[in-house]
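I have placed the structure first, in the form of structure tokens, so that the comments after it can refer back to it.
There are 2 protein chains.
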Amino acid sequence: MTPQSEDFSAWYNEVVVQAQLVDRGPVRGTMVIRPYGFRMWELLQADLDRRIKDAGHDNACFPMLIPESYLKREAEHVEGFSPELAVVTHAGGKELEEPLIMRPTSETVIGEYMAKWIDSHRDLPLLLNQWANVVRWEMRPRMFLRTTEFLWQEGHTAHADEDDAMRETMWALDAYAAVARELAAIPVVAGEKTPGERFAGAVRTYTIEGMMRDGRALQAGTSHYLGTNFAKAFEIQYQDEAGKLTHAHTTSWGMSTRMIGGVIMTHGDDKGLVLPPRLAPYQVVVVPIGRKEQGEQAAAEARRLGAAIKATGVRVHVDDNRPQLSPGFKFNEWEMRGVPIRVELGKRDIEAGVATVVRRLPTVEGQGKEQIPLDKVPEMLPGMLADFQSFLLARAESFREDHTAAVDSWDAFAAQVATGWARAFHCGEGACEDEIKAETAATPRVIPADAPEETGACVKCGNPSAYGKRVIFGKAY
Amino acid sequence: MTPQSEDFSAWYNEVVVQAQLVDRGPVRGTMVIRPYGFRMWELLQADLDRRIKDAGHDNACFPMLIPESYLKREAEHVEGFSPELAVVTHAGGKELEEPLIMRPTSETVIGEYMAKWIDSHRDLPLLLNQWANVVRWEMRPRMFLRTTEFLWQEGHTAHADEDDAMRETMWALDAYAAVARELAAIPVVAGEKTPGERFAGAVRTYTIEGMMRDGRALQAGTSHYLGTNFAKAFEIQYQDEAGKLTHAHTTSWGMSTRMIGGVIMTHGDDKGLVLPPRLAPYQVVVVPIGRKEQGEQAAAEARRLGAAIKATGVRVHVDDNRPQLSPGFKFNEWEMRGVPIRVELGKRDIEAGVATVVRRLPTVEGQGKEQIPLDKVPEMLPGMLADFQSFLLARAESFREDHTAAVDSWDAFAAQVATGWARAFHCGEGACEDEIKAETAATPRVIPADAPEETGACVKCGNPSAYGKRVIFGKAY
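Given below as structure tokens:
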């Protein structure tokens with residue numbers, strides 16, 4: 017495998033395929049998510065779906081095909097998405113009267129139905145979510161990160177006023193940050209986007225941004241306050257308590273299979289994937305060692321141990337039916353596929369009543385590999401996995417801090433964004449953002465919600481800073 | 017609402033919308049599945065997904081867009097699906113070099129990847145499943161039953177030989193029959209389809225068929241043994257233990273949102289839906305009665321009772337924040353929406369320490385409505401719901417038996433299929449099937465797996481019967 021330091025992008029393209037997460041689809045830019053990759057998505061989905069439902073949202077399912085005329089109703093929206101649309105022109109053996117768009121996102125079709133379902137203030141808030149596939153034609157596709165078709169959830173809500181809609185917008189942002197930190201072990205920075213980076217049709221866009229191991233940023237979830245833009249385009253109105261017809265305030269928010277790409281690029285190394293236990297299809301793999309009779313005995317012991325581990329709620333796989341492969345091959349393979357903990361069981365281990373337990377990364381100096389009494393292994397693993405999860409988050413946080421710096425001169429800025437993130441003052445002007453991007457390829461990623469209040473001179477043009485705090489700039493996926 | 021007896025089809029179209037299961041989509045033949053309908057699908061999905069995983073299948077995700085050339089590789093397959101295809105001709109602002117098909121089913125694209133992933137007999141069986149949306153352009157759309165886009169799961173598996181593939185085919189059929197009976201309370205008949213009713217490209221097709229309350233049949237799930245047809249078209253080959261390159265035997269099987277339509281038409285009545293508890297979004301609704309202070313007191317008591325009911329694991333909804341609506345309106349509404357059990361709580365109930373518990377249908381003469389001590393209600397509901405579930409299955413089974421008859425003359429056949437199912441001998445000739453269909457609109461639905469061995473003269477042409485048993489004929493959705 018190409019080392020990360022040599023060509024991070026080549027490393028990524030190789031590891032996603034070799035680890036059996038994904039294959040290239042038959043159509044350029046599409047992907048086949050294989051069982052090992054899809055299980056990660058299912059684990060993330062189960063957790064996020066629970067959070068969404070617990071907060072009072074209902075799942076629904078809107079059609080994939082949207083009449084072209086719907087997209088045109090919100091001017092900024094159609095302008096933003098037009099270059100990326102896939103269009104159905106023929107169906108049922110005939111040319112259609114109106115072309116149909118494969119949804120790039122569903123604000124327009126859901127707006128149409130919100131207008132139908134909402135009459136009175138009693139119908140608000142309306143809190144909907146759907147798990148769906150969407151299509152955006154990508155010029156530079158990358159597996160998980162930018163694919164022509166991807167999976168996501170999209171929340172769409174309608175509220176009586178801005179306050180309630182903003183509470184919702186921030187709820188979604190918090191939920192995404194929690195999922196990223198707690199499941200993906202990605203220490204994301206949450207906050208608002210600058211106007212130039214807003215969603216097409218939004219009044220305010222919020223984001224969570226993670227730092228990948230090449231120093232680039234990955235936008236891993238966004239939440240939008242749409243004001244009354246879509247409510248006006250689709251006539252989403254309600255009678256308030258005084259009987260007055262009023263436009264609703266809407267929000268939308270989405271997290272996608274892109275997050276899997278974030279996990280790979282936040283934790284992976286030259287040996288391959290490193291998976292956080294909470295998203296690992298197999299948290300533990302038990303590998304019996306030995307040939308013929310010894311191998312049979314070790315395999316039987318491995319199955320017994322596997323059953324005991326499974327009983328503790330740990331996702332375990334026993335690698336007991338590939339006698340044609342050497343233990344060394346299997347160790348390398350499970351390391352490459354990012355399994356957090358490997359348990360090796362050989363003749364000497366069994367005779368000594370122990371197993372050799374190996375973490376995918378040494379969490380503390382010298383703690384990579386240890387012998388543990390066989391009967392203690394099942395009870396110890398849940399704690400070891402939790403520690404490994406915390407370790408990955410802390411390690412990623414250190415990495416991010418090591419690659420982030422406050423800069424106040426243009427030279428320092430350009431040097432900083434070459435390998436990481438710059439915390440800098442910015443004037444807030446779109447033209448100035450464009451110049452920064454043209455010269456360094458860096459863009460404003462996020463105005464961090466938790467950054468201290470500060471003002472200064474724009475790092476590029478020297479004009480007074482906007483936003484009341486420093487902005488994080490970096491190159492991005 | 018139009019009574020079932022007057023116009024079953026109108027009744028269906030009205031109830032699905034009024035009960036808030038679904039709305040017509042913006043494009044003809046598409047549907048918006050609303051939260052109340054989608055929850056039913058989620059409940060079915062959770063159960064079926066568990067069965068699929070427990071039997072060793074892995075979920076994956078294949079692309080929605082399939083190159084036109086893939087579909088053309090299996091001759092019968094493309095011929096069967098051609099009239100129903102939706103075609104993407106433009107994307108990313110340009111005309112595509114090759115038109116792309118929105119998947120009507122995924123045998124072709126999955127076949128391509130099976131060929132890539134399978135090398136040796138050690139890679140078999142390969143057991144895949146995906147939950148996906150598919151598109152088939154429908155000339156006569158009906159919500160849930162025939163929609164241009166629908167949701168389903170599609171299992172796709174590859175095996176070393178016919179025996180193993182047939183075991184898989186029958187496993188899926190059994191799983192579908194169990195889900196239909198245990199969750200949907202639909203007493204389906206399982207068995208093989210006649211050659212004329214096979215899936216395009218299958219060697220053998222198996223089906224579960226339910227009888228709706230208008231006497232028509234609904235095909236509610238199918239499982240196909242595909243032989244080596246797709247393996248040959250996509251070069252799905254493996255090296256057997258002797259090193260010989262051999263074609264795999266494949267299967268596919270699917271169950272869809274059509275099942276929700278089956279639930280509606282199996283159990284519903286002139287008051288609206290009747291939902292089996294295991295698929296009911298709300299198994300119990302608590303309705304407090306009274307105005308102003310009395311209403312407030314009843315609502316507080318209803319919330320307490322609701323919390324106690326929820327603690328037993330029952331899905332309960334407390335209808336406590338619509339003071340503008342009368343109790344009678346709410347009772348009718350929850351009956352129309354098919355909630356299995358309603359709990360009424362008024363001033364007199366509370367003073368007497370009881371609740372009035374009303375089943376959606378009286379399960380035994382006189383047992384529709386009863387007073388139950390408040391503190392006993394939570395513990396009694398799970399049993400009452402289980403009884404209601406069994407009652408619906410038994411009731412549907414009686415209905416089916418009452419509307420099924422063995423017939424041996426053409427006149428009796430024609431009369432029987434006008435209102436139900438005929439068990440008849442058939443010669444097995446496609447031309448004869450076609451004549452039956454032309455004259456009566458009835459088709460052979462299933463050769464029941466559990467029917468006794470019998471032979472006789474074809475009910476239409478008098479030639480000797482095929483299949484060794486009677487075939488069920490009926491009009492179908």
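Chains A and B supply the protein sequences, listed in that same order. Each residue of the first sequence is one higher than the last, beginning at 17 in our numbering. Each residue of the second sequence is one higher than the last, beginning at 17 in our numbering. Glycine included, each C-beta is placed from N, C-alpha and C at the ideal position.
Cα separation between residue i and residue j?
i      : j      : result
B:R183 : B:T459 : 27 Å
B:R439 : B:L408 : 24 Å
B:M56  : B:A201 : 13 Å
A:V33  : A:W147 : 25 Å
A:E170 : A:R232 : 25 Å
A:F127 : A:E90  : The sequence shown places Gly at residue 127 of chain A, not Phe. Using only the alpha carbons, I get a separation of about 11 Å.
B:S85  : B:T105 : 14 Å
A:R66  : A:D74  : 11 Å
B:G278 : B:Q299 : 19 Å
B:F415 : A:I280 : 56 Å
A:A447 : A:R274 : 29 Å
B:G369 : B:E312 : 17 Å
A:Q340 : A:P304 : 13 Å
A:L101 : A:E417 : 38 Å
Residues of chain A with a CB under 8 Å from the CB of residue i: which are they?
i      : result
B:T244 : Chain A residues near B:T244: none, gap ~22 Å exceeds 8 Å.
B:M155 : G108
B:D39  : Y129, K132
Using the beta-carbon count (16 or more within 10 Å), is residue i buried or exposed?
i      : result
B:V380 : exposed
B:D286 : exposed
B:N348 : exposed
B:S136 : exposed
B:A457 : exposed
B:F441 : buried
A:I22  : Inspection of the sequence shows that residue 22 of chain A is occupied by Glu rather than by Ile. That one is exposed.
B:M400 : buried
B:G4   : This structure cannot speak to residue 4 of chain B, because chain B is shown only from 17 to 493.
A:M17  : exposed
B:H259 : Before going further, note that residue 259 of chain B is Gly rather than His in the sequence given. Exposed: under 16 other Cβ atoms inside 10 Å.
B:R461 : buried
Please list the terminal residues of the continuous beta strand (DSSP E) segment that includes residue i.
i      : result
A:G270 : 265–272
B:Y222 : 220–227
B:D39  : 38–40
B:F54  : Premise fails: B:F54 lies in the alpha helix (DSSP H), 51–70, not in any beta strand (DSSP E).
B:E165 : 165–175
B:S239 : 233–241
B:Q146 : 142–151
B:P460 : 459–464
B:Q387 : 385–389
A:F489 : 487–490
A:E208 : 205–208
For residue i, go through chain B and note every residue whose CB falls closer than 7 Å to its CB, in chain order.
i      : result
A:L116 : V43
A:V303 : Residues of chain B passing the Cβ test: none, with the nearest at roughly 17 Å.
A:L167 : C77
A:R50  : A76
A:T46  : P79, L81
A:P99  : G108, G109
A:E58  : N75
Looking at the unbroken alpha helix (DSSP H) that takes in residue i, where does it start and where does it end?
i      : result
B:M17  : Note, B:M17: premise wrong, no alpha helix (DSSP H); not H, not E.
A:T9   : Absent from the model: residue 9 of chain A. The displayed extent of chain A is 17 to 493, so no value can be given.
B:E92  : 91–97
A:A371 : It is not in any alpha helix (DSSP H) - A:A371 instead sits in the beta strand (DSSP E) that spans 370–375.
Identify the contact partners of residue i in chain A, using a Cβ-Cβ distance below 7 Å as the criterion.
i      : result
B:A102 : V104, A107
B:F54  : N75, A76, C77
Taking C-beta pairs closer than 8 Å, name the residues in chain B that residue i reaches, listed in chain order.
i      : result
A:Y479 : Reading the sequence as shown, one finds Asn at residue 479 of chain A and not Tyr. In chain order: nothing, as chain B lies at least about 37 Å away.
A:Y86  : P42
So with CB distances below 9 Å, who are the chain A contacts of residue i?
i     : result
B:N29 : Near B:N29 there are no residues of chain A at all, since even the closest Cβ is about 17 Å away, more than 9 Å.
Next item on the list: Note down, in chain order, all residues in the region 66–81 of chain A with a beta-carbon under 8 Å from any beta-carbon belonging to chain B.
Entry: For the region 66–81 of chain A, residues whose beta-carbon sits nearer than 8 Å to a beta-carbon of chain B comprise D74, N75, A76, C77, F78, P79, M80, L81.
Item checked: Contact residues within the region 118–129 of chain B, judged by C-beta distance below 8 Å to chain A -> Within the region 118–129 of chain B, contact with chain A at the beta-carbon level (separation under 8 Å) is assigned to M118, V125, E128, Y129.
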